[in-house]
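These notes concern the structure reproduced below.
Numbering (the UniProt record's numbering), first residue to last: 1 to 344.
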């Protein structure tokens with residue numbers, strides 16, 4: 001335990017100026033007592049001479065001032081030196097550093113300020129890490145789309161069509177959107193950015209995205225869509241697309257041998273519910289909430305419920321809407337989310 005931690009609690013509230021004043025008063029009291037003894041004739045005969053008295057008083061005053069200065073300087077400098085050493089440790093990367101100096105009120109306030117700076121530094125580091133993993137995750141899908149369609153246009157006769165070129169252009173636009181999110185990060189509280197709510201035909205957006213996944217599958221999986229063709233919602237179109245893409249990626253990664261994925265949409269009163277159903281091993285019933293955390297790996301080792309579901313969780317929480325996941329009887333899992341319905 002540090003020496004400063006043995007001090008009485010009242011000293012942490014004691015201002016340094018009052019401590020210096022107390023030292024001065026103590027020294028003055030000693031000096032007054034000494035002079036009183038001298039005037040009372042209780043001092044040695046040598047000191048009864050006026051000049052000897054003046055010299056002794058001067059010497060005692062100088063020595064007392066030096067002693068007082070040494071004591072005060074040690075009381076002031078020691079905790080500050082300890083804070084400096086801890087600050088250097090923090091600057092070198094030791095994030096567990098905690099400033100605990102409480103010698104005097106000013107030192108305690110400085111210690112608290114350094115602790116606040118440390119917490120802000122930790123928050124900035126966490127946001128930087130979040131930005132890196134989120135960007136790397138969000139770049140994967142559009143890059144895969146662009147590469148897949150470009151290879152198909154190069155290798156397969158008849159695939160060099162305006163529709164496929166448009167897909168590449170649209171996915172390049174998604175990449176641009178991710179880059180813009182990164183640029184906006186400096187002025188936004190969350191890396192996901194603020195919501196941009198609008199009314200749009202969710203059914204059309206849903207089928208448009210599913211058709212691209214199906215075209216990219218090369219027969220490895222089959223995506224089937226069920227539900228109304230046109231339904232209007234009020235939400236952030238770009239972020240809802242990210243939710244859909246992430247759930248589709250998750251279903252494809254964890255799907256069964258038949259590679260079938262069902263996307264079902266239904267209207268339930270004032271909300272539109274979307275379910276993404278796969279035929280994989282299902283989710284861990286022992287920790288159902290854990291799948292929404294970052295980088296939670298599956299027991300079977302078939303990939304992981306990673307950052308994609310964490311992004312889904314955060315986007316749905318930003319919308320203030322429900323989401324969840326359940327096991328399907330007979331095998332598989334269903335991941336669902338809801339959006340607010342809007343009038344056409």
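We treat Cβ as the ideally placed atom computed from N, Cα and C, and that holds for glycine. Quick caveat: nothing in here was measured; it's all calculated off a predicted structure.
Once DSSP output is grouped into helix, strand and coil, what is the label at residue 230? What you label residue 230 is simply residue 230 of the chain shown in a count that begins at 1. Secondary structure at residue 230: coil, using DSSP grouped into helix, strand and coil.
Per-residue DSSP class, three states only, for residue 141: What you label residue 141 is simply residue 141 of the chain shown in a count that begins at 1. Look at residue 141 here: in three-state DSSP terms it is helix.
Where the alpha helix (DSSP H) containing residue 243 begins and where it ends: As a first step, residue 243 must be located in the chain shown, where it is residue number 243. Residues 237–254.
Starting from residue 336, follow the beta strand (DSSP E) in both directions and report where the run begins and ends. One-based indexing of the chain shown puts residue 336 at position 336. For residue 336, the enclosing beta strand (DSSP E) stretches over residues 333–340.
Where the beta strand (DSSP E) containing residue 266 begins and where it ends: Position 266 of the chain shown, counted from the start, is the residue given in the question as residue 266. Start and end: 260–268.
Kindly indicate which three-state DSSP category residue 115 falls into: helix, strand or coil? On the chain shown, position 115 is the one that residue 115 refers to. Assignment of residue 115 by DSSP, reduced to helix, strand and coil, places it in the helix class.
Could you pull out every residue in the same chain whose Cβ sits closer than 6 Å to the Cβ of residue 86, ignoring the five residues on either side in sequence? For the purposes of this step, residue 86 is taken as the residue at position 86 of the chain shown. Take residue 86, set aside five residues on each side of it, and the residues of its chain with a beta-carbon closer than 6 Å to its own are 97, 99, in chain order.
So who's on the other strand from residue 197, going by DSSP bridges? As a first step, residue 197 must be located in the chain shown, where it is residue number 197. Note: residue 197 sits in a beta bridge opposite 236.
What are the boundary residues of the beta strand (DSSP E) that includes residue 280? The residue given as residue 280 occupies position 280 in the chain shown. Unbroken run through residue 280: none, as it is neither H nor E.
Segment contact flag, the region 270–278 with the region 240–259, C-beta cutoff 8 Å, min 3 pairs: Verdict: yes, contact present.
Where residue 46 falls: helix, strand or coil (DSSP): Reading the chain shown from its first residue, position 46 is the one you call residue 46. Low confidence applies to residue 46: its pLDDT is 45, below 50, so where it sits in the model is not reliable, and the reading given next is rough at best. Residue 46 carries a helical assignment under DSSP once its states are collapsed to helix, strand and coil.
Quick one: give me the first and last residue of the beta strand (DSSP E) that residue 289 is part of. On the chain shown, position 289 is the one that residue 289 refers to. Here residue 289 belongs to no beta strand (DSSP E), and DSSP marks it neither H nor E.
From residue 121 to residue 132, what does the alpha carbon distance come to, in whole angstroms? Walking along the chain shown from the start, residue 121 turns up at place 121. Walking along the chain shown from the start, residue 132 turns up at place 132. Rounded to whole angstroms, residue 121 to residue 132 spans 17 Å at the Cα level.
Does DSSP put residue 275 in a helix, a strand or coil? In the chain shown, the residue the question calls residue 275 occupies position 275. Secondary structure of residue 275 (DSSP, three-state): strand.
Which whole-angstrom value is the C-beta distance of residue 283 and residue 327, which I expect to be below 8 Å? On the chain shown, position 283 is the one that residue 283 refers to. On the chain shown, position 327 is the one that residue 327 refers to. So it is a contact: roughly 6 Å between Cβ atoms.
Mapping DSSP to helix, strand and coil, what is residue 305? Position 305 of the chain shown holds residue 305. Its pLDDT being 48, under 50, residue 305 is placed unreliably in this model, and the coordinates cannot settle the point.
Can you give the Cα-Cα distance for residue 84 and residue 338, rounded to whole angstroms? By one-based count along the chain shown, residue 84 stands at place 84. By one-based count along the chain shown, residue 338 stands at place 338. Computed Cα separation, rounded: 53 Å.
With residue 324 as the anchor, note down where its beta strand (DSSP E) starts and where it stops. Translated into the one-based positions of the chain shown, residue 324 becomes position 324. Counting along the chain, the beta strand (DSSP E) containing residue 324 begins and ends at 323–327.
Short Cβ contact (8 Å threshold) for residue 232 with residue 342: Indexing the chain shown from 1 puts residue 232 at position 232. Indexing the chain shown from 1 puts residue 342 at position 342. Yes. Within cutoff.
Determine the direct distance from the alpha carbon of residue 108 to that of residue 298, and round the result to whole angstroms. Against the chain shown, residue 298 aligns to sequence position 298. Against the chain shown, residue 108 aligns to sequence position 108. Unreliable placement is indicated for residue 298, whose pLDDT of 40 sits below 50; no coordinate value is reported for it.
Does residue 116 pass the burial test, meaning 16 or more other C-beta atoms within 10 Å, or should it be called exposed? Here residue 116 is taken as the residue at index 116 of the chain shown, counted from 1. Exposed, because fewer than 16 other Cβ atoms sit within 10 Å of the Cβ of residue 116.
Under the three-state reduction of DSSP, which class applies to residue 133: helix, strand or coil? Translated into positions along the chain shown, residue 133 becomes position 133. For residue 133, the secondary structure class from DSSP, reduced to helix, strand or coil, is helix.
Mark residue 208 as exposed unless 16 or more other C-beta atoms lie within 10 angstroms of its C-beta, in which case mark it buried. The residue given as residue 208 occupies position 208 in the chain shown. So residue 208 counts as exposed.
Using a Cβ-Cβ cut-off of 7 Å (strictly less than) and excluding sequence neighbours within five positions of residue 255, which residues of its own chain qualify? The residue labelled residue 255 in the question sits at position 255 within the chain shown. For residue 255, where only same-chain residues beyond five positions count, the Cβ hits under 7 Å are 221, 261, 278, 279, 280.
Sequence-distant residues of its chain with Cβ nearer than 7 Å to residue 210 (five each side left out): Here residue 210 corresponds to residue number 210 of the chain shown, with the count starting at 1. Cβ within range, chain order: 223, 225, 263.
Supposed contact pair residue 167 and residue 212 - C-beta distance, whole angstroms, cut 8 Å: In the chain shown, counting from the first residue as 1, residue 212 sits at position 212. In the chain shown, counting from the first residue as 1, residue 167 sits at position 167. Sure, about 6 Å apart at Cβ, within 8 Å.
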